[in-house]
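Student: In my numbering, the protein residues as written are 1304 to 2141.
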């Protein structure tokens, strides 16, 4: 007998969890009994999910994606209905069931941090039961009784994989500027200090001290001498482009300015100094300082270049830098910066842009398990590049309460608007957030991912329920182009459905790959404050990719720490758009909707612990808590105990836990135990444990790549209540044809699939063939199977690989709980910095 336990979360919504009546009894996926008038249930149990309505038991299998546009999804799924019981050969009762296909649509709330998609407002459109045509109306009625009371949680990794394998998935290319920046190779510890145009000096907070306002760096002028301060250490020069020397101490007024800057998050504290730079400071030295007022990028090496052969190719790469530097057989150097390739005759250039589809053929042959495999996401035509493009197209979504969000425009002096080239619109030059004037349609402002509208330049402002199509024509050359990646999907009463794709943080698709920044420069606003333009270079922007964890963006190459994150706001403001993960250098995009608070935004609750957003959790380097599903995770050396359930989770690496399913995923060593009954389990690398059922699953795999395609092979073993299973198999991608083939078996979702043709199929792992469900609930060999099934199976396997591998940090920048480790080397930890007005 199951219990439906409901808890009110912050007065915002009610979460109901299906729990077994006897917590000690093994339960895999108990049926959810749907009582009349039940509050909405967030159903995150393992697939298939079992229900009971009016005495009829049925199950719904994992949805298979058909289309996903903005926040609207269409899918189909296998439905099974219990029709009776019979005696098996061993005399035990066996359920008799019939198979069918159901088509559904839903609104999606996507949480990229938690890697979850919640299907809400679900509508079941039709069903097809080939052998029970007379029962289809009744079976559809069963589903429609579940729909008003149930929201379904599905894995984002599965959805991304399905999109990546869908032949219809297309993403428009953006015309970016690929003019090469100045590329600096540094062979000793160095720092790049970018200034947004010619330096503008303004009085600092202490009399007699001036500061360059249009840079994140602490550049000060005092008594005709220039000083650069970082982490309680100082260097001095006669001019910004002069020779910088370390000084033992700075005049007291400068120290006071630094103390105030640290206190207001305008400069890093001493504790945030990267380990390699800290050791340099202890030796009484200061890094070599490069000050630049034009686009530039720093490639940091540990000494003179050291070269290593890249297996499977004719390429060599520079091994003593975490940056991506290659040398081709013709001795040309190739550097990957902000997702763009530049080539030159040596490390000194001159550099020219090389399109990702015009690289030497050897780049596509880089093995997937290579130390440099992450660059495959920037090589056009590779599966990694396609998956990165898909991941970049999926929005972070939320539901905003229009009565609780507010906005007030702020200008640095009288409002000043400038025309947006190629349009009839204009934007505010001197506003703290992007404000756009649309002729005949008032003013629109974008703040923390939510659009606001006003009839006047100064307000009053209210949450917008629709956005003029003209706004989405703003070209890439405009400094406010990034607003085109924030959307309003609709409204229902006081609820407004909103979302943004990673383009809101500066990523765009160009020539078949994802790049960071548009490359265009603009004239920033420098008045009493500095409102900067989006910067493409100077921050070590790079893309992380691993077959097991997917794609993400980072800043900083680890050992080379840029010190100053991209930031478009005034020094007087605090706009965290990026945050640093718990281990190494680099940063990832945080969820801006979390800044509104859980009382204002629904469907976006999972985030790293941050008191400013109201999200909570604790750990040595951070954690997240999702009050929708109860899922939680922690980084290195962290522990959490739930006093209600008694479960305690800990990790010396990374661990995440979902109390609805009892599922624990641990990487690099983790554990889960119950403080009340003493039950415990420990997980090593790539281990999944269910503390409710006692089921344990271990997984391992490998990948190879040739010039003809890619092959991934793996195996798994699972044991526990309900039976044991194991399997091994491979997925092969043929670059020339685009075909995907399989061998072996990975039993996911019962290996059962809903075909486009309305039939239910099963993959026979012994004979490597497809079987079709018959009227007796049995499967027989299909003479002509749905041709899309192989691609469906490949996508499902890829999604499962991601779900399991994400906990272990596969790939160059792997990670845990939606974050990833930075590239090899030191790197700083902590700190919240971000974009203008996000």
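All C-beta atoms, glycine included, are put in the ideal place defined by N, C-alpha and C.
1) CA-CA distance, residue 1931 and residue 1792?
2) Determine the closest residue to residue 1484 out of 1640, 1534, 1621, with distance taken between C-alpha atoms.
3) If you draw a straight line from the C-alpha of residue 1541 to the C-alpha of residue 1524, how long is it?
4) Checking the sheet assignment: what are the DSSP bridge partners for residue 1345?
5) Looking at residue 1449 and residue 1354, is the spacing between their C-beta atoms short of 8 Å?
6) From the DSSP secondary-structure annotation, give me the bridge partner or partners of residue 1795.
7) Taking buried to mean at least 16 other C-beta atoms within 10 Å of its own C-beta, is residue 1397 buried or exposed?
8) Can you tell me the Cα-Cα spacing of residue 1269 and residue 1387, whole angstroms?
9) Under three-state DSSP, which class holds residue 1361?
10) Does the region 1692-1705 come within contact of the region 1794-1803, defined as at least 3 CB pairs closer than 8 Å?
11) Keeping to the same chain, check which residues put their C-beta closer than 8 Å to that of residue 1424; ignore five residues upstream and five downstream.
12) Tell me whether residue 1580 sits in a helix, a strand or coil according to DSSP, three-state version.
13) Taking only the alpha-carbon atoms, compute the straight-line gap between residue 2102 and residue 1794 and give it to the nearest angstrom.
14) Please classify residue 1592: does DSSP put it in a helix, a strand, or coil?
15) Could you pull the DSSP bridge partners for residue 1750 from this structure?
16) Beta-carbon within less than 6 Å of residue 2065's beta-carbon, same chain only, minus the 5 sequence neighbours each way: which residues are those?
17) Under DSSP, the beta strand (DSSP E) around residue 1601 begins and ends at which residues?
18) What are the boundary residues of the alpha helix (DSSP H) that residue 1693 is part of?
19) As a quick exercise: from 1651, 2061, 1775, pick the residue whose alpha carbon is nearest that of residue 1636.
20) For residue 1805, which of helix, strand or coil comes out of DSSP?
21) Check whether the region 1532-1541 touches the region 1602-1609, counting contact only when three or more Cβ pairs, one atom from each stretch, lie closer than 8 Å.
22) Taking Cβ positions, are residue 1899 and residue 1708 nearer each other than 8 Å?
23) Looking at the strands, I want to know which residues DSSP matches up with residue 1724.
24) Can you tell which of 1516, 1835, 1500 has the C-alpha that lies nearest to the C-alpha of residue 1507?
25) Give the DSSP bridge partners of residue 1441, in chain order.
26) Could you say if the region 1702-1720 and the region 1749-1756 meet the contact criterion of at least three C-beta pairs nearer than 8 Å?
27) Can you tell me which of 1385, 1595, 1663 puts its alpha carbon nearest to the alpha carbon of residue 1618?
28) Take every Cβ of the region 1727-1738, pair it with every Cβ of the region 1781-1791, and state whether three or more of those distances are shorter than 8 Å.
29) Can you tell me whether residue 2084 is helix, strand or coil according to DSSP?
30) Along the beta strand (DSSP E) that carries residue 1376, what are the first and last residues, could you check?
31) Where residue 1457 and residue 1704 are concerned, what is the direct C-alpha to C-alpha distance, given to the nearest angstrom?
32) Using DSSP with H/G/I as helix, E/B as strand and the rest coil, what is residue 1395?
33) CB-CB under 7 Å to residue 1682, same chain, minus the five flanking residues each way: which ones, in chain order?
34) Use the C-beta contact count for residue 1463: other C-beta atoms within 10 angstroms, 16 or more gives buried, fewer gives exposed.
35) Here's the rule: buried if 16 or more other CB atoms are within 10 angstroms of the residue's CB, otherwise exposed. What is residue 2167?
36) Kindly list the residues whose CB is nearer than 7 Å to the CB of residue 1405, restricted to its own chain and excluding five residues on each side of it in sequence; keep chain order.
Tutor: Once the coordinates are examined:
1) The pLDDT assigned to residue 1931 is 41, lower than 50, so where the model puts this residue is not dependable, and the model offers no usable value.
2) Among 1640, 1534, 1621, the Cα nearest to that of residue 1484 belongs to 1640.
3) If you take the alpha carbons of residue 1541 and residue 1524, they lie about 10 Å apart.
4) 1454
5) yes
6) As computed with DSSP, residue 1795 is found in a beta bridge with 1798.
7) exposed
8) Coverage of the chain is limited to positions 1304 through 2141, which leaves residue 1269 absent and any answer about it impossible.
9) Shown here, residue 1361 sits in a strand according to DSSP, grouped into three states.
10) yes
11) 1409, 1410
12) It is helical.
13) 31 Å
14) strand
15) Residue 1750 pairs with 1753.
16) 2054, 2055, 2074, 2082
17) 1599-1603
18) 1686-1696
19) 1651
20) helix
21) no
22) yes
23) Residue 1724 is not bridged to any residue.
24) With distances taken between Cα atoms, residue 1507 lies closest to 1516.
25) According to DSSP, which records beta bridges pairwise, residue 1441 is partnered with nothing at all.
26) Note that the region 1702-1720 touches the region 1749-1756; at least 3 beta-carbon pairs, one per stretch, sit closer than 8 Å.
27) 1663
28) yes
29) Taken through DSSP and simplified to helix, strand or coil, residue 2084 comes out as strand.
30) 1375-1390
31) So the two alpha carbons sit approximately 24 Å from each other.
32) coil
33) 1659, 1662, 1666, 1667, 1688
34) buried
35) Because the chain in this structure spans residues 1304 to 2141, residue 2167 falls outside the shown range and cannot be described.
36) 1379, 1380, 1382, 1427, 1430, 1446
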